[in-house]
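Everything below concerns the one structure shown next.
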Amino acid sequence: DKIKPGIIEPLEKSTGGVMGYDFFVLIDRSPRRYFEGLLEKKTPELPLSAEENFRRVFLWYPIQLVDSSDYSFSGAPVFIPLLMGTIQKNRRSKDKSKAKVVRIIHGGVEEHRRSYSYAILAELSGYISDSSGWLLFYDCCDDRGSTSDLFEKVESLLGRYTENDFVEITSIRIEKETLLEFAGDIRRKNDL
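For the sequence shown, the UniProt record's numbering gives the first residue as 1, with consecutive numbering after it.
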């Protein structure tokens, strides 16, 4: 009631124009009443699909798959020095960022019955570009059997680096076939 005669009409009179906001100014009650629905209701959060969650975990960066599943090559002996080098590089840099690692658990909830894949973000960015991407060591080791010693080495190293706040680890559980499907889809989309 006071805005239109006190502010709007004097402005219109001095400028010779019409402000055109009559439908906002002619509010006969509290303006809050007109906006209550917008102010009180929250937008529902939609759950992410498995693929969307996978892409979120990997920060939408490209993924290079290193397949260790044929048992003639295990990704752990490559992952370990890559992790160590990434941490040394980060410690010497100005921003002292943490190395980003994704631990991917395949199989059930039963301990000593799972396989693991590990991914590390290889970061390289400039002022106007970002060439970062993930190296994903697929089916790297198991928590049982012939590759369990590699699993223990990787986890021991990750544990020490986590204690010293040098690494940020995200763990996800996903079946091997689904991981290959999602990683392949991302690789194909990045090639376009």
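Virtual Cβ for every residue (Gly too), placed ideally from N, Cα, C.
Separation of residue j from residue i, as counted between CA atoms
i, j, result
"A99", "T86", "6 Å"
"E175", "G108", "9 Å"
"L11", "I128", "47 Å"
"E51", "L82", "27 Å"
"I120", "I3", "59 Å"
"E181", "D95", "35 Å"
"E168", "F73", "26 Å"
"S97", "V154", "20 Å"
"F23", "E45", "Low confidence applies to F23: its pLDDT is 49, below 50, so where it sits in the model is not reliable enough to give any reading."
"E184", "E163", "Residue identity differs from the one stated: residue 184 is Gly in this sequence, not Glu. The straight-line gap from Cα to Cα measures roughly 34 Å."
"I104", "S49", "17 Å"
"L59", "S146", "33 Å"
"G126", "D70", "37 Å"
"L110", "S156", "Strictly speaking, residue 110 in this sequence is Glu, with Leu absent from that position. C-alpha separation (whole angstroms): 20 Å."
"I80", "R55", "24 Å"
"N53", "G16", "57 Å"
"Q88", "H106", "29 Å"
"M84", "A122", "12 Å"
"S93", "Q64", "25 Å"
Classification of residue i by the beta-carbon crowding that lies within 10 angstroms, buried from 16 upward
i, result
"G75", "buried"
"Y161", "buried"
"L158", "buried"
"T178", "exposed"
"I7", "exposed"
"S14", "exposed"
"S68", "buried"
Rounded Cβ spacing between residue i and residue j (contact assumed at less than 8 Å)
i, j, result
"R114", "D149", "That belief does not hold up - the Cβ atoms of R114 and D149 are roughly 15 Å apart, past 8 Å."
"N62", "G133", "What sits at residue 62 in the sequence shown is Pro, not Asn. Indeed they touch by this definition, with Cβ atoms about 4 Å apart."
"L124", "S131", "5 Å"
Own chain partners of residue i with C-beta closer than 8 Å, once the 5 adjacent residues on each side are dropped
i, result
"V66", "G75, V78, L135, L136, F137, Y138"
"V57", "V102, T170, I172"
"N90", "K96, S97, K98, A99, F166"
"E9", "none"
Cut-off 7 Å between Cβ atoms - residues of its own chain near residue i, not counting five sequence neighbours on either side
i, result
"H112", "D143, R144"
"F151", "Y116, C141, D142, D143"
Sequence-distant residues of its chain with Cβ nearer than 6 Å to residue i (five each side left out)
i, result
"P5", "none"
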